[in-house]
Amino acid sequence: MHSKKRVVFITGCSTGIGYDAVFALSARGHRVIASCRKEDDVKKLQSLGCEALLMDVNDSLSVHNAFKSLMKKTDGHLDVLINNAGYGQAGALEDITRDVMRQQFETNVFGLMELTRLCIPVFRKQGQGRIINISSLLGLVSMPFRGAYNASKYAVEGLCDTLRLELKPFGIKVICIEPGPIESQFRDSAMTYSLKNIDVEGSFFKKQYEQMLNGYGKKKSESIFTKKPDAVIKKMILAMESKHPRAKYPVTIPTHVFAILKRLLSVKRLDQFLSFISKKEMT
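Mapping the sequence shown onto the working numbering, position 215 (from 1) lands on 1521, and the numbers just tick up by one.
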């Protein structure tokens, strides 16, 4: 492990994993600059002694302005970019309009890639840098009613795999962290916020959506497989500080299990297993 102090820029720090990571990484001696899309959240972090910038990954101008501010703050130096900002759009794919699908990709894919493109020349000039993208178990396997989010995280995995090959000659490491179920506001807000984007009343799956809304908050902390945000932060630290980080870091038992099953099972068998564990949601 390197204990060297690094300059780290992390997106999506209003709540959950991003918020906790700011303090955990700072406690290890790193200089952490956080970004949030709401002014109130930026001020909250600043009031707690953190460096924070306003940035909405859905807005190109906001991304470019935040990057300029970041470079000004750090005299043009950056060691680590952690692309953490994102949300989960729930709903059957037949209920997801083009605009809703586009919004999912704007946040989880296009904003991530735009910021990454700005950072690459800085890393190349330095001869080193790390890009850490927060993917998901749902970037490995697909589940019903999560199709838009699935597709966005499959895209993140594809970007990681390509960037890793393109940037290796320049000393830039690209790493994917793949969390499974994590206790945070992410899942609750995914359900309540995203179902407002679809016509629940007019949907064939109205009954399933109502069940999901009633059961989602309860389920997440009951499961022995659900971990706290620090499980993800531990992998972030490995990805940042290891001399030879892995390309991918699965987090939680389900992610490890599904990664293995995807390699071992045929598509048909994996579909059968995924259908079995999703049975309650589908009926």
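Don't be surprised by glycine CBs; every beta carbon is placed ideally from N, CA and C. The structure presented is a predicted model; accordingly, all values stated were derived computationally and were not measured.
The region 1394-1432 is shown to contain whole alpha helix (DSSP H) runs of 4 or more residues at 1404-1411, 1417-1432, in chain order. Taking the C-beta atoms as reference points, Glu-1420 is found nearer than 9 Å to Val-1363. Around Ile-1539, the same chain offers Ile-1323, Asp-1326, Ala-1327, Ala-1330, Leu-1331 as residues with beta carbons nearer than 8 Å, after the five sequence neighbours per side are excluded. If you look at Leu-1367, you'll find it in the alpha helix (DSSP H) that goes 1366-1379. By the Cβ rule, the region 1457-1474 does not count as touching the region 1348-1363, because fewer than three pairs are nearer than 8 Å. Straight-line measurement puts the Cα of Ser-1341 at about 6 Å from the Cα of Gly-1318. Approximately 39 Å separates the beta-carbon atoms of Asp-1401 and Ile-1543; this is outside 8 Å, ruling out the contact. In the same chain as Arg-1343, and ignoring 5 residues on each side of it, the C-beta atoms closer than 6 Å to its own belong to Asp-1362, in chain order. In this structure, the CA atom of His-1550 is about 30 Å from the CA atom of Val-1369. Taking Ser-1458 as reference, the option from Asp-1577, Leu-1501, Ala-1396, Gly-1508 with the minimal CA-CA separation is Ala-1396. In the three-state reduction of the DSSP assignment, Cys-1319 falls in the coil class.
The beta carbons of Ile-1478 and Arg-1430 sit closer together than 9 Å. Around the CB of Ile-1437, 16 or more other CB atoms lie within 10 Å, so the residue is classed as buried.
Spatial neighbours of Asp-1536 in its own chain (CB-CB distance under 8 Å, excluding positions within 5 residues in sequence) are listed in chain order as Asp-1326, Ala-1330.
Between Leu-1424 and Phe-1373, the alpha-carbon positions lie close to 8 Å from each other. Inter-residue distance for Gly-1453 and Pro-1487 is about 17 Å (C-alpha atoms, whole angstroms).
Inclusion of Leu-1444 and Thr-1422 in the CB contact set at 9 Å is not warranted, their separation being larger than that value.
Its Cα nearest to that of Glu-1412, the residue Asp-1365 stands out among Ala-1398, Asp-1365, Gln-1434, Val-1557. Annotated as proximal: Leu-1384 and Phe-1315, with beta-carbon spacing under 9 Å. Closest by C-alpha distance to Ser-1509, out of Phe-1476, Lys-1311, Ile-1566, Leu-1399, is Leu-1399. Of the candidates Ala-1391, Leu-1367, Cys-1356, Gly-1394, the residue whose Cα lies closest to the Cα of Lys-1379 is Cys-1356. Each residue's CA atom was taken as its position, placing Cys-1466 and Phe-1564 some 19 Å apart.
Separation of the CB atoms of Tyr-1460 and Gly-1394 is rounded to 14 Å, and the pair is thereby denied contact status at 8 Å. Assignment of Lys-1554 by DSSP, reduced to helix, strand and coil, places it in the strand class. The C-alpha of Pro-1450 lies about 40 Å from the C-alpha of Gln-1352. It is roughly 29 Å from the alpha-carbon of Arg-1569 to the alpha-carbon of Glu-1547. Rounded to the nearest whole angstrom, the C-alpha separation of Ser-1584 and Gln-1432 is 47 Å.
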